[in-house]
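Numbering (my numbering), first residue to last: 7 to 475. A virtual CB, placed ideally from N, CA and C, is assigned to each residue, including glycine. Reviewing the structure listed below.
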Amino acid sequence: MNLRHLFDSSLRGRRDEVGLEFQGASYTFGEMDARSDRMAAVLASRGLACGDRLCIYLSNCVEYIDLFLACVKMGVILTPINILYRDREIAHILTDAEPKAVVSDVPIQTAVPVWTTLELNAGSFDAGLELPTLDGDTPAAIVYTSGTTGTSKGAILTHNNFLANGVNILACWGITAADRLLLPLPLFHVHGLGNGVHAWLMSGCRMRLLERFEHSKAAAEFLDFRPTLFFGVPAMYVRLLETVPAVAREIGTALRLCVCGSAPLPAQVLEDFRERFGQTILERYGMSETLMNIGNPLHGERRPGTVGVPMPGVSVKILETGELCVRGPNVFSGYWRRPDATAAAFVDGWFRTGDIGVRSADGYYTLQGRRSDLIISGGFNIYPREIEEFLLEQPEVKEAAVTGMPDAVRGEVPVAYVVPHDPGFDPAALSERCKASLASFKTPRQFVKVDSLPRTALGKIQKHLLPKP
Ligand code: MLC
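In structure tokens:
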């Protein structure tokens, strides 16, 4: 089976029902099926075929879904690029993935053909497109994850990975056609794509997709759409706590389930949200490489501070170092063209998550930290090494170290410690260059000038000894 077989239960089985709402317009499942057939035919006319990569550099929009479905039908590998990425970050993905083309509505500096949604919508095509027969091991997407080595690696997710994950979340979270899903998550990450879009298409529920989460408008979207189901990152729940109490209660009466992941949810936020909205957030744990691994139960105890119990079919073990390893039909097949990185990511067939955790006697897992010094800001992963490498390329920087500092909304934000060549160093100028070259969430919020970096005898930087900013 491939993804199309399960999506067809909605695309064909619920043809005349409204499936999607976006920016005031609504679309039936039948319309989405026809739109994606047409998109597939346009892409095929432009030479795209099974196994090719198609990069997408777009904010959430209906065409994003048309493109995803067209790729699913054709066996083309969807390769999303974070819309917050700048030229240098985009260039890396385009070089690594070697796509046939990139779809973008803003100009990109690249030799790869850039197609806009406007031209694809208006594009001509040959009638009678023959779709290939795909099995479940066909790659469906390559999702780039920030790499410990500084450049990001592409995790290859197959139809089976998405199918296993989709079936699991439908079963575990009781998602049915009667649900109404409000989705503000970006479609370029697996939280929005693997959970949001798959939960919607596999259940046949109605989804309202937002271009992005805007906290000043969030409560109004909830009141207007009255979702039963919401998927978000902790930063979104923190923002929602700003909602006027009477409005929060009103929103809570329509809601059935709020799921949270991609970054640790502070137990206090869970408590405050329960008090204001009358909903106990269900926290779960996933990764780009594995989709969902562990989750709190729908009906059993949702234990604050824990990520719950392993999803169906997912095995979890803890190494002596405390690192969690997982195995199951959800786990990716490897990194794109990186056999070395793939080999390093697995031990005896178990995927090393890099997360340190413990299991309680009754099977609940609690995450305690990371093996690496990963920073998670608003649900976006940041590897300090990537920012440090950029800083070291700057003429005024002699040495640099980047760490995370606590932030009330985003969980953490990056801060840079810089040993400058010249005492007259200008942090503002350096910050401007970071903003121009790095995604906004990676730009250090502060630049702290230091005379030297604390190092071990072997020369390794001891980040825990850096002064607090
Ligand atoms: C954020 N920004 C965006 C944006 N999201 N810009 C364009 N499109 C988007 N979708 C930019 C803003 O311009 C701003 O830039 C900065 O990010 C913060 O925006 P904000 O309005 O102040 O938002 P804030 O209240 O801080 O909330 C940020 C957020 C965002 C929660 C909306 O962080 C977000 O969408 N996070 C989701 C990340 C995600 O989906 N992760 C899943 C990974 S998958 P500036 O320049 O002003 O700072 C994974 C596996 C798993 O981890 O388990 O799920």
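Mind checking whether the beta-carbon of residue 165 lies closer than 7 Å to any heavy atom of the ligand MLC? Taking the sequence shown and counting its residues from 1, one reaches residue 165 at position 159. Because no heavy atom of the ligand MLC lies under 7 Å away, the Cβ of residue 165 does not count as near it: no.
Buried or exposed: where does residue 69 fall if 16 or more other Cβ atoms within 10 Å of its Cβ makes it buried? For the purposes of this step, residue 69 is taken as residue 63 along the sequence shown, with counting starting at 1. With 16 or more other Cβ atoms within 10 Å, it is buried.
Tell me the residue span of the alpha helix (DSSP H) that contains residue 440. Position 434 of the sequence shown, counted from the first residue, corresponds to residue 440. Where residue 440 is concerned, the enclosing alpha helix (DSSP H) stretches over 433-443.
May I have the straight-line CA-CA distance separating residue 310 from residue 95, to the nearest angstrom? As a first step, residue 310 is located in the sequence shown; it is residue number 304 there, counting from the start. As a first step, residue 95 is located in the sequence shown; it is residue number 89 there, counting from the start. Rounded to whole angstroms, residue 310 to residue 95 spans 36 Å at the Cα level.
Around the C-beta of residue 441, are 16 or more other C-beta atoms found within 10 angstroms, so that it is buried, or is it exposed? Here residue 441 corresponds to residue number 435 of the sequence shown, with the count starting at 1. The residue in question, residue 441, is exposed, as its Cβ has fewer than 16 Cβ neighbours within 10 Å.
For a minimum of 3 consecutive residues, which ranges assigned as the beta strand (DSSP E) are wholly contained in the segment 220-296? 235-238, 263-266 and 288-293
Where residue 399 and residue 138 are concerned, what is the direct C-alpha to C-alpha distance, given to the nearest angstrom? Walking along the sequence shown from the start, residue 399 turns up at place 393. Walking along the sequence shown from the start, residue 138 turns up at place 132. Between residue 399 and residue 138, the C-alpha separation is close to 46 Å.
Once DSSP output is grouped into helix, strand and coil, what is the label at residue 389? In the sequence shown, the residue the question calls residue 389 occupies position 383. Of the three classes helix, strand and coil, the one that applies to residue 389 here is coil, per DSSP.
Bridge partners for residue 121 per DSSP, in chain order? Counting from 1 along the sequence shown, the entry for residue 121 is found at position 115. Paired residue(s): 109.
Pull up the DSSP beta-bridge partners for residue 365, would you. Translated into positions along the sequence shown, residue 365 becomes position 359. In the DSSP output, where bridge partners are listed per residue, residue 365 has 371.
Below 8 Å between beta carbons: does that hold for residue 362 and residue 194? If you number the sequence shown from 1, residue 362 lands on position 356. If you number the sequence shown from 1, residue 194 lands on position 188. Result no, Cβ atoms of residue 362 and residue 194 do not sit closer than 8 Å.
Residue range of the unbroken alpha helix (DSSP H) whose run includes residue 345: Here residue 345 refers to the residue found at position 339 of the sequence shown. Unbroken alpha helix (DSSP H) run through residue 345: 345-351.
Neighbour-count burial assignment, residue 349, 16 or more Cβ in a 10 Å radius: Counting from one through the sequence shown, the residue named residue 349 turns up at place 343. Exposed: under 16 other Cβ atoms inside 10 Å.
State yes or no: is the C-beta of residue 214 nearer than 7 Å to some heavy atom of the ligand MLC? As a working note, residue 214 is residue 208 in the sequence shown. Checking the Cβ of residue 214 against the ligand MLC gives no.
If we ignore side chains and look at the alpha-carbon of each, how far apart do residue 238 and residue 245 end up? Against the sequence shown, residue 238 aligns to sequence position 232. Against the sequence shown, residue 245 aligns to sequence position 239. Cα-Cα distance, rounded: 11 Å.
Cβ separation of residue 292 and residue 196, assumed to be a contact under 8 Å, to the nearest whole Å: Taking the sequence shown and counting its residues from 1, one reaches residue 292 at position 286. Taking the sequence shown and counting its residues from 1, one reaches residue 196 at position 190. Going by Cβ atoms, the distance from residue 292 to residue 196 rounds to 7 Å, so yes, they are a contact pair.
Can you determine whether any heavy atom of the ligand MLC sits closer than 7 Å to the C-beta of residue 353, and answer yes or no? Residue numbering aside, residue 353 sits at position 347 when the sequence shown is read from its first letter. Answer for residue 353: no, Cβ out of range of the ligand MLC.
For residue 13 versus residue 208, is the C-beta distance shorter than 8 Å? Residue mapping note: residue 13 aligns to position 7 of the sequence shown, counting from 1. Residue mapping note: residue 208 aligns to position 202 of the sequence shown, counting from 1. Cβ atoms of residue 13 and residue 208: closer than 8 Å.
Count the other C-beta atoms from every protein chain shown that fall within 10 angstroms of the C-beta of residue 449, then say buried if there are 16 or more, exposed otherwise. In the sequence shown, residue 449 corresponds to position 443, counting from 1. By the neighbour-count rule (16 or more Cβ atoms within 10 Å), residue 449 is buried.
Go to residue 184, then tell me how far its beta strand (DSSP E) extends in each direction, as first and last residue. One-based indexing of the sequence shown puts residue 184 at position 178. Segment: none, residue 184 is in no beta strand (DSSP E) and carries neither H nor E.
Please report how far the alpha carbon of residue 380 lies from the alpha carbon of residue 358, in whole angstroms. Counted from its first residue, the sequence shown places residue 380 at position 374. Counted from its first residue, the sequence shown places residue 358 at position 352. Roughly 15 Å separates the two Cα atoms.
Between 148, 20, 338 and 67, which has its C-alpha nearest residue 298's C-alpha? To locate residue 298, count along the sequence shown from 1; it is residue 292. It is 338 whose Cα lies nearest to the Cα of residue 298.
Mind the definition here: the segment 224-239 touches the segment 180-187 only if three or more C-beta pairs lie below 8 Å; say whether that holds. yes
Please write down, chain order preserved, every residue whose beta carbon lies under 6 Å from a heavy atom of the ligand MLC. 65, 89, 90, 191, 192, 195, 196, 197, 198, 218, 219, 221, 239, 241, 242, 245, 267, 268, 292, 293, 294, 384, 385, 386, 415, 416, 446 and 447
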